[in-house]
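A quick write-up on the structure given underneath.
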Amino acid sequence: MPSLSVQEKNDDNNESALLHQLRAAPQIFTEISQLTGSDLQRQKQLRKTYADNLVRAALTLSELRQRAAKKFSQADKMWFDRKGLEQSTTEHVANYKAKRFSGTISDYCCGIGSDAIALSHKGDLLAVDLQPAACLRAEWNAKIYQTSLETITADVTAFKHRGGLVHIDPDRRPHSSGKTVRVEDALPGLDFLQTLPRFFSGGAIKLSPAGNFAGKFLGVEHELISLSGECKEATIWFGDLAGKHEWRATALSVSENNKIIEETISGDPLEAYVEVGAIKKYLYDPDPALVRSALVNQFAEENHLSRLDDAEEYLTGETLLQSQFVAPFEVLAELPNNEKEIRRWFRQSEIGQVEIKCRHIPVKIEAIRKKLPLKGNQPGVLIFARIAGRARALICRRIQRSQIASY
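Residues 0 to 406 (numbering that gives the first Met the number 0) make up the sequence shown, in order.
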């Protein structure tokens with residue numbers, strides 16, 4: 000992992016100085032919240048009082064705080080840069096991962112501090128990042144969450160502090176060309192990540208869920224974590240923190256009273272067997288963490304479900320299942336994948352709003368929607384899927400989890 004050049008060090012020092020200026024002028028954020036008009040008009044108004052660079056930085060941070068509201072409960076007070084926010088771990092996911100940690104902990108490539116904040120409650124934590132401004136943001140964000148961080152600005156590949164447990168979030172946007180999903184292209188890269196078990200008793204490596212991590216690490220547990228139906232990350236657990244199975248899927252969701260609901264499954268994808276059969280009363284769309292971990296068959300086997308086809312992840316069963324891992328649908332009709340047949344069915348129905356879904360059958364969703372005679376006031380779902388090798392159209396009704404008890 001390369002150290003900072005002289006120019007990069009100067010840029011980072013300037014960024015840190017600007018952050019201190021921003022922190023010393025909290026009133027600028029109050030003024031921004033009260034201003035109206037276009038971005039240009041707001042900038043002109045603010046420049047009557049503040050320097051240009053301070054105005055630009057404050058407006059950018061205000062925008063990032065608004066965007067971060069979906070990830071952090073204290074987003075309106077936190078300190079972000081654009082890349083740091085994009086790569087940061089969502090608060091709920093960070094808290095979930097931190098449960099495995101205790102004792103002496105290092106957080107490598109800490110960024111804005113989202114994982115470090117969660118880990119700081121579990122043991123004696125040291126947060127490390129190559130960028131001084133990142134360490135500064137992490138420290139300030141920790142104070143917002145009523146904790147504190149010890150940070151060190153250093154190249155983690157050359158850092159001598161070893162031992163205990165480690166969490167690392169390698170940079171997946173190391174170049175201006177954009178995000179990479181290849182582990183080899185992250186900074187630090189695969190070669191360094193593979194050495195971590197030699198220096199730490201256990202740890203977690205955060206990677207993109209779309210990455211090519213399978214088979215790159217030996218004797219580890221691969222965990223795919225989703226939040227509210229979106230796969231957020233792949234976590235490679237090694238050493239003392241690894242579970243007994245090679246693969247795990249975890250689905251997190253937020254309840255109505257803002258409590259986190261967790262559901263997890265682990266196993267060997269090759270050990271489960273599930274039948275392939277006809278559509279039954281209920282159809283289930285599996286969570287992306289379940290799909291990415293290749294544990295769909297195990298989940299189906301444990302819950303007495305079958306697959307529609309070897310090439311489809313959709314599951315089906317006669318009983319209504321309550322699980323964070325699947326979105327349930329009541330099947331109203333099974334039709335050939337034929338436009339005339341589909342339109343005829345909708346013409347006789349009371350469906351007025353339709354959601355169209357598919358996984359492996361290519362369809363032009365908006366073109367199909369325009370041709371459907373939607374005249375009722377009921378919602379419906381049109382799902383294209385293979386059943387026993389043949390493309391079929393399934394008309395369904397989505398069942399909200401809160402409705403399951405009444406079915």
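Built from N, CA and C at the ideal position, the CB exists for glycine as well.
Classify residue i as buried or exposed, calling it buried when 16 or more other Cβ atoms lie within 10 Å of its own Cβ.
i	result
Gln65	exposed
Gln130	buried
Gly214	exposed
Leu135	buried
Arg22	exposed
Ser72	exposed
Ile104	buried
Val54	buried
Arg385	buried
Ser348	buried
Ile394	buried
Ser37	exposed
Asp168	buried
Ser292	buried
To the nearest whole angstrom, what separates the beta carbons of residue i and residue j, a pair I think is in contact under 8 Å?
i	j	result
Phe198	Arg161	4 Å
Lys178	Pro208	Contact doesn't hold; Cβ gap of about 12 Å is too wide.
Asp170	Leu189	That belief does not hold up - the Cβ atoms of Asp170 and Leu189 are roughly 13 Å apart, past 8 Å.
Ser101	Lys121	5 Å
Here's a check: name, in chain order, each residue in its chain whose Cβ is nearer than 8 Å to the Cβ of residue i, leaving out the five neighbours to either side.
i	result
Val353	Phe345, Arg368, Leu371, Leu373, Pro378, Gly379, Val380, Leu381
By Cβ distance below 6 Å, which residues in the same chain neighbour residue i in space, the five residues on each side in sequence not counted?
i	result
Cys357	Phe383
Ala93	Ser113, Asp114, Ala117
Ala153	Val127
Gln6	Its pLDDT being 49, under 50, Gln6 is placed unreliably in this model, and the coordinates cannot settle the point.
Lys279	Thr315, Gly316, Glu317
What does a CB cutoff of less than 7 Å around residue i pick up in its chain, not counting 5 residues either side in sequence?
i	result
Lys142	none
Glu14	Ala132
Gln44	Leu34
Glu300	Ala271, Tyr272, Val273
Leu331	Ile394, Cys395, Arg396
Ala250	Ser225, Glu262, Asp286, Ala288, Gln323, Phe324
In this structure, does DSSP put residue i in helix, strand or coil?
i	result
Pro268	coil
Tyr49	coil
Pro131	helix
Trp78	coil
Leu164	strand
His19	helix
Val5	For Val5, the pLDDT reaches just 45, beneath the cut-off of 50, and the residue's location in the model is therefore unreliable, although a value from the coordinates is still provided. Three-state result, Val5: helix.
Lys356	strand
Tyr144	coil
Gln411	Because the chain spans 0 through 406 in this model, residue 411 falls outside it and cannot be assessed.
Arg391	strand
Ala209	coil
Ser405	helix
When the Cα of residue i is compared with those of the options, which residue comes out closest?
i	options	result
Leu124	Leu164, Lys159, Ala241, Tyr144	Leu164
Leu307	Val325, Leu320, Val273	Val273
Ser254	His91, Glu149, Arg181	His91
Lys47	Phe328, Glu30, Ile350	Glu30
Phe324	His244, Tyr313, Ala277, Leu240	Tyr313
Leu84	Tyr281, Asn140, Ala250, Leu195	Asn140
Asp309	Tyr283, Val275, Glu329	Val275
Ala241	Ala390, Ile204, Ala57, Cys108	Ile204
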